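I have placed the structure first, in the form of structure tokens, so that the comments after it can refer back to it.
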Amino acid sequence: MLLPVLGVVLGLALLTVAADQFVVGATRIAARLRVSTVVIGAVVIGFGTSAPELVVSVLAGLQGSLDLAVGNIVGSNVANLSLVLGVAALISPVTVSSPVLRREAPLSLGLVLLFGLLLQTGTLTLLDGALLFTGLVAALSITLFSARRPGAPGAPVAVDSVQEFLGTGARLSLPRESTRTLLGLLGTLGAAQLLVVSATTVARELGLSEAFIGLTVVAIGTSLPELATAVQAARRDETDLLIGNLLGSNVFNSGAVAAAAAVAGAGQPISGTVSGVGTVLMVGVATLATLFMVSRRTVHRIEALLLLAIYVGTLPLLAG
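Residue numbers (the working numbering): 7 to 326.
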């Protein structure tokens, strides 16, 4: 029992480090190749920060554990807008800009709702994957079109995001960053495999469902990059970067990661814990967080405490 638990801890730690190096390397390569900062911010970083969820969910689906895969996606979406946003807003109230309210918030909520609706069939099919991927492409197209317009509000957010990964004054070496990216990708794959195998073993030995492990332990672990970014952004009062990162992560989770999981584990059954309680929690938290942003344009500490209380209070329900 000790070895599988250590495997989970080690897998999560390695996954966090390797995925971070993958994102840094990919971002710097894109910048070296003169890819637009808007494209880097919206696509490269957005995709990269969801790399842990993507690799874990695909491997789990391929190994016949779609419950773990989908539980990871649902749990990560919940953690982003309750645990991560709650912790960040406790550090400093999070003010939401108008461009985020008009663009990122509706797109994120829309994809979460679509994902939750498709889960009600008790499985994910190839058609579901195609629908989710189409939704992702539409969301990215809207984001890129809006940000690339001359004088478009919110475009500097992408630039700020890129600067977080590029650093300042460093000379970018294509061979070095290519090596960093490749090693980061290989590390992410290896760590995810260790995490999936160890998590399923722990679930069996403790008599817990793979759905519960995916919704909680694995989901929290794969959300660590978002938590680290959010805490730093909150300390520097970079609220657009903070909110954009969380909403963007949910867009990629519900679009790219869910679509990939649907292909990898097409037709496998999904438990009622994930499609029922987990999905209700995901949609409820996404809706509540969006309402906080729209109604007051600021997530205050009282809302942060409520989001954290909801997250902690519903964990026992997920064990069912």
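Ideal Cβ positions, reconstructed from N, Cα and C, are used throughout, including at glycine. Values in this document were obtained by computation on a predicted structure and should not be read as measured data.
Here's the rule I'm using: 16 or more other beta-carbon atoms within 10 Å means buried, otherwise exposed. How should residue i be labelled?
i           : result
residue 315 : exposed
residue 151 : exposed
residue 242 : exposed
residue 27  : buried
residue 299 : buried
residue 163 : Note that residue 163 scores 48 on pLDDT, short of 50, meaning its location in the model is unreliable and no value can be drawn from it.
residue 249 : buried
residue 301 : exposed
residue 206 : buried
residue 147 : exposed
residue 274 : buried
residue 211 : exposed
residue 66  : buried
residue 228 : buried
residue 179 : exposed
residue 308 : exposed
residue 7   : exposed
residue 108 : exposed
residue 278 : exposed
residue 58  : buried
residue 60  : buried
residue 182 : exposed
residue 132 : exposed
residue 94  : buried
residue 77  : buried
residue 32  : buried
What residue range does the alpha helix (DSSP H) around residue i cover?
i           : result
residue 222 : Looking at the DSSP string, residue 222 is not in any alpha helix (DSSP H), and its letter there is neither H nor E.
residue 231 : 230 to 241
residue 279 : Run containing residue 279: none; DSSP gives neither H nor E here.
residue 257 : 245 to 258
residue 40  : Run containing residue 40: none; DSSP gives neither H nor E here.
residue 76  : 72 to 85
residue 63  : 57 to 68
residue 50  : First-last for residue 50: undefined, no H or E at that position.
residue 94  : 91 to 97
residue 262 : Note, residue 262: premise wrong, no alpha helix (DSSP H); not H, not E.
residue 88  : Residue 88 -> no alpha helix (DSSP H), and no H or E assigned at all.
residue 125 : Here residue 125 belongs to no alpha helix (DSSP H), and DSSP marks it neither H nor E.
If you run the structure through DSSP and keep just helix, strand and coil, what is residue i?
i           : result
residue 102 : coil
residue 131 : coil
residue 5   : Outside the shown range of the chain, which is 7 to 326, sits residue 5, and nothing can be said about it.
residue 305 : strand
residue 320 : helix
residue 179 : coil
residue 5   : Here the chain covers residues 7 to 326 and nothing more, so residue 5 does not appear.
residue 272 : coil
residue 400 : There is simply no residue 400 to check, as the chain begins at 7 and stops at 326 in what is shown.
residue 209 : helix
residue 299 : helix
residue 288 : helix
residue 325 : coil
residue 160 : Unreliable placement is indicated for residue 160, whose pLDDT of 48 sits below 50; no coordinate value is reported for it.
Relative to the C-alpha of residue i, which residue among the options is closest?
i           : options           : result
residue 118 : 40, 325, 294      : 294
residue 122 : 104, 79, 19       : 79
residue 253 : 216, 296, 213     : 296
residue 136 : 96, 200, 264      : 264
residue 208 : 195, 223, 194     : 223
residue 246 : 36, 60, 104       : 104
residue 64  : 130, 218, 283     : 130
residue 257 : 181, 213, 114     : 114
residue 98  : 15, 306, 322      : 306
residue 84  : 196, 284, 312, 33 : 284
residue 81  : 18, 149, 219      : 219
residue 311 : 15, 16, 96, 20    : 96
residue 292 : 317, 54, 198, 200 : 317
residue 56  : 140, 149, 251     : 251
residue 321 : 187, 303, 287     : 287
residue 30  : 189, 195, 72      : 189
Measure from the C-beta of residue i to each C-beta in chain C and report whether the shortest distance is under 8 Å.
i           : result
residue 257 : The chain labelled as chain C is not found in the depicted structure, where only one protein chain is given.
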